[in-house]
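One structure below.
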Amino acid sequence: MDKIRIIGGNRLNGVIPISGAKNAALPLMIASLLTDETLTLENVPRLADVRQLTNILVNHGVDYGVNGKRIGEDLLTGQTISLTARSITDTTAPYELVSTMRASFWVIGPLLARMHACKVSLPGGCAIGTRPVDLFLMGLERLGAQLDVEGGYVVAKAPGGLVGNRVVFPKVSVGATHVIMMAATLAKGQTVIENAAREPEIVDLAKCLIAMGAHIQGAGTSTITIDGVDRLRGARHRVVADRIETGTYAMAVAMTGGDVLLEGAEGSLLENPLDVLRQVGAEITETNSGIRVRRNGHGIVAADVTTDPFPGFPTDLQAQFMALMTRAKGTSHITETIFENRFMHVAELARFGARISLSGQVATVEGVESLKGAPVMATDLRASVSLVIAGLAAEGETTVNRVYHLDRGFERLEEKISRCGADISRISG
Ligand code: UD1
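All you need for our numbering is the position in the sequence shown, starting with 1, plus 5.
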């Protein structure tokens, strides 16, 4: 298994290109199941999760093509892929595939909308919590689906097709909003989703669906209205910039000091975390080509943060912010409200000498003068990158084990930050 080795202490200076968002690319790829024409997606990140979802879609009968690299094209920019679901040859999403990536459960929406029947494995739990799918099932039932759980699979039927309805989510869910929005595009009549997720990735999916011929209004607000159409067509769409990758590298620069342009980043996608970073002492400016993050001279001060659905502070940046706070002047309180078990990085950060105590959903971080490099273990995608951030600022050598978690969500991380002066390399094993 590969490891990442870091010798801490270097400042970061230079340019980091920001990739297309993983969390937008995945639902966009799944949307290809809604049409028999070709969906072309630009700026798709080269990630393990994208490759895994490709396998899942190919299993349903999707033809997949990837454009070759053009002369002069940088490998750090995203790829263009084409997905054509001319005919869906298999409406079953098997356990072996779904269990490796939760978001693949989302195929249930398009498969049911287009084929009126499907069988999709329940995804099971994951390291950051139980992550139930009750909201998806409730929403699909509201659209007229008949659902049974048999042998770990959701067996879904909608003879005659889905029918639009009002779907009121008791809790904000990104995945359930994606699925009901996709399913409703081909339902008969109007669907209104209340308490919808407002994440930029929802807006990006809605833009693509509209380009495919869907009638959608209100994406980005908590009420989304979808008027069903008989069929969708092919389209070409560029994946929105990854706000989590942007926030992660912004925090890395705040941690190490230096001056980095996050090329292609869009400030409007992460105003809350950028404000928090300004508050703790980083200088952030938005330019035509991206976001410039600087910290020279002054140290970082503590701030309190509570995770919330968009436009609040993202749970996907909580671990990285905690790493940053380990070296802040003062004490910070970090409250996780989205997932019940998203503090596995606490024990690993303690291995660097961080002082963190946990009480329920609140972590209290007492900033220390310095961290010391250590061997640590990645436990999930975002937690693993928090260990990289700590390692970049720690004295001496850090090895991050189980980096396959990182490869699921960060495109060429060590290449991107070593270009800016970090001493970081991958040890294949
Ligand atoms: C997505 C993101 C993930 C991010 C999360 C929250 C992708 C691929 N993943 O995950 O990176 O951390 O949003 O911003 O986009 N819930 C239920 N019942 C359900 C569905 C969800 O109780 O049927 C709960 C979850 O357990 C969690 C909360 O709702 O506590 C929010 O989860 P949700 O927004 O659905 O997260 P994902 O879409 O899985």
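Beta carbons are placed, not taken as given, at the ideal position from N, Cα and C, and that holds for glycine.
Residue closest to residue i, alpha-carbon to alpha-carbon, out of the options
{"i": "residue 416", "options": "225, 228 and 56", "result": "56"}
{"i": "residue 53", "options": "61, 47 and 290", "result": "61"}
{"i": "residue 14", "options": "345, 323 and 259", "result": "259"}
{"i": "residue 376", "options": "353, 387, 366 and 148", "result": "353"}
{"i": "residue 9", "options": "422, 421, 413 and 403", "result": "403"}
{"i": "residue 234", "options": "223, 212 and 196", "result": "196"}
{"i": "residue 214", "options": "329, 243 and 293", "result": "243"}
{"i": "residue 372", "options": "357, 284 and 307", "result": "307"}
{"i": "residue 224", "options": "315, 68 and 397", "result": "315"}
{"i": "residue 183", "options": "118, 111, 172 and 200", "result": "111"}
{"i": "residue 356", "options": "310, 367 and 405", "result": "405"}
{"i": "residue 389", "options": "84, 423 and 324", "result": "324"}
{"i": "residue 67", "options": "179, 26, 204 and 115", "result": "115"}
{"i": "residue 4", "options": "426, 94, 37 and 48", "result": "Because residue 4 is not part of the residues shown, which for the chain are 6 to 434, the question remains open."}
{"i": "residue 365", "options": "340, 359 and 50", "result": "340"}
{"i": "residue 32", "options": "410, 157 and 180", "result": "180"}
{"i": "residue 229", "options": "172, 241 and 330", "result": "172"}
{"i": "residue 192", "options": "98, 272 and 119", "result": "119"}
{"i": "residue 50", "options": "39, 86 and 69", "result": "86"}
{"i": "residue 90", "options": "83, 289, 106 and 64", "result": "64"}
{"i": "residue 245", "options": "270, 261 and 256", "result": "270"}
{"i": "residue 88", "options": "29, 272 and 36", "result": "36"}
{"i": "residue 252", "options": "274, 241 and 30", "result": "274"}
{"i": "residue 212", "options": "411, 412, 124 and 30", "result": "30"}
{"i": "residue 124", "options": "345, 109 and 97", "result": "97"}
{"i": "residue 6", "options": "261, 408 and 423", "result": "408"}
{"i": "residue 303", "options": "39, 261 and 317", "result": "261"}
{"i": "residue 317", "options": "202, 162, 40 and 145", "result": "202"}
{"i": "residue 107", "options": "69, 241 and 28", "result": "28"}
Presumed contact (8 Å Cβ cut-off) between residue i and residue j, rounded CB distance
{"i": "residue 221", "j": "residue 207", "result": "Actually they are not in contact, since the Cβ atoms of residue 221 and residue 207 sit about 10 Å apart, beyond 8 Å."}
{"i": "residue 190", "j": "residue 140", "result": "Actually they are not in contact, since the Cβ atoms of residue 190 and residue 140 sit about 19 Å apart, beyond 8 Å."}
{"i": "residue 265", "j": "residue 418", "result": "Not really, about 14 Å apart at Cβ, beyond 8 Å."}
{"i": "residue 5", "j": "residue 23", "result": "Given that the chain is displayed from residue 6 to residue 434, the structure contains no residue 5 and the question cannot be resolved."}
{"i": "residue 159", "j": "residue 127", "result": "6 Å"}
{"i": "residue 169", "j": "residue 100", "result": "About 31 Å separates the two Cβ atoms, so there is no contact after all."}
{"i": "residue 331", "j": "residue 368", "result": "Wrong, their Cβ atoms sit about 11 Å apart, outside the cutoff."}
{"i": "residue 38", "j": "residue 93", "result": "7 Å"}
Length of the line joining the Cα atoms of residue i and residue j
{"i": "residue 137", "j": "residue 301", "result": "44 Å"}
{"i": "residue 268", "j": "residue 143", "result": "41 Å"}
{"i": "residue 336", "j": "residue 174", "result": "36 Å"}
{"i": "residue 295", "j": "residue 34", "result": "26 Å"}
{"i": "residue 342", "j": "residue 386", "result": "18 Å"}
{"i": "residue 328", "j": "residue 216", "result": "40 Å"}
{"i": "residue 287", "j": "residue 277", "result": "14 Å"}
{"i": "residue 397", "j": "residue 379", "result": "11 Å"}
{"i": "residue 20", "j": "residue 102", "result": "37 Å"}
{"i": "residue 392", "j": "residue 338", "result": "19 Å"}
{"i": "residue 239", "j": "residue 333", "result": "50 Å"}
{"i": "residue 421", "j": "residue 254", "result": "10 Å"}
{"i": "residue 433", "j": "residue 164", "result": "51 Å"}
{"i": "residue 227", "j": "residue 177", "result": "9 Å"}
{"i": "residue 361", "j": "residue 350", "result": "10 Å"}
{"i": "residue 46", "j": "residue 384", "result": "30 Å"}
{"i": "residue 363", "j": "residue 381", "result": "19 Å"}
{"i": "residue 166", "j": "residue 149", "result": "8 Å"}
{"i": "residue 42", "j": "residue 121", "result": "19 Å"}
{"i": "residue 58", "j": "residue 210", "result": "16 Å"}
{"i": "residue 186", "j": "residue 154", "result": "22 Å"}
{"i": "residue 298", "j": "residue 200", "result": "34 Å"}
{"i": "residue 250", "j": "residue 26", "result": "8 Å"}
{"i": "residue 263", "j": "residue 282", "result": "14 Å"}
{"i": "residue 44", "j": "residue 399", "result": "45 Å"}
{"i": "residue 117", "j": "residue 285", "result": "47 Å"}
{"i": "residue 194", "j": "residue 219", "result": "12 Å"}
{"i": "residue 411", "j": "residue 312", "result": "21 Å"}
{"i": "residue 425", "j": "residue 83", "result": "20 Å"}
{"i": "residue 394", "j": "residue 413", "result": "17 Å"}
{"i": "residue 370", "j": "residue 322", "result": "16 Å"}
{"i": "residue 292", "j": "residue 279", "result": "14 Å"}
{"i": "residue 198", "j": "residue 427", "result": "45 Å"}
{"i": "residue 423", "j": "residue 256", "result": "16 Å"}
Problem set entry | Continuous alpha helix (DSSP H) assignments of at least 4 residues falling wholly in the segment 27-71 | 27-36 and 53-64
For this session: May I have a chain-ordered list of the beta strand (DSSP E) segments no shorter than 3 residues that lie completely inside the segment 325-404?
Result: 336-340, 360-364, 367-371 and 380-382
Problem set entry | Entirely enclosed beta strand (DSSP E) segments - the segment 188-245, minimum 3 residues | 195-199, 220-222, 228-232 and 240-243
Exercise. Which residue spans inside the segment 262-336 form an unbroken beta strand (DSSP E) run of at least 3?
Worked result: 263-268, 288-292 and 295-300
Exercise. Taking the runs of the beta strand (DSSP E) that are 3 residues or longer, which of them lie wholly in the segment 139-174?
Worked result: 151-155, 158-162 and 171-173
For this session: Entirely within the segment 84-132 and at least 4 residues each: give me those alpha helix (DSSP H) ranges in chain order.
Result: 100-103 and 113-120
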